[in-house]
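In our numbering, the protein residues as written are -3 to 90.
A virtual CB, placed ideally from N, CA and C, is assigned to each residue, including glycine.
The model shown is predicted, which means the values in this text are computed figures rather than measured ones.
Okay, structure first, notes after.
Here it is in structure tokens:
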């Protein structure tokens, strides 16, 4: 899966079956806030969003960002995948 970081729109984007899946974000003080998930109709949401989040977390780890899951689906992803909990800032528990 190829992820494009659209800094102007502040969202990570990928194309699945010709449709754009995006996750909006904001960056503050070395923290990446994942705020909104836009899934077009006709795409199976769970595996597509999970794969995209894994790629985004790899990018965050590479840039040495902490990730703040403000969207409920992102928080649920962190609960299901405890290996990524080291990317959470201190004091945030899910």
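Of the candidates 86, 14, 87, 10, the residue whose Cα lies closest to the Cα of residue 49 is 10. Within 10 angstroms of the beta-carbon of residue 65 lie 16 or more other beta-carbons, which makes it buried. Contact between the segment 4 to 21 and the segment 39 to 58 is present, with at least three C-beta pairs closer than 8 angstroms. Distances from the alpha-carbon of residue 42 to those of 16, 61, 69, 31 put 69 closest. Look at residue 83 here: in three-state DSSP terms it is helix. Under the DSSP definition of a beta bridge, residue 26 lacks any partner. Inclusion of residue 17 and residue 34 in the CB contact set at 8 angstroms is warranted, their separation being smaller than that value.
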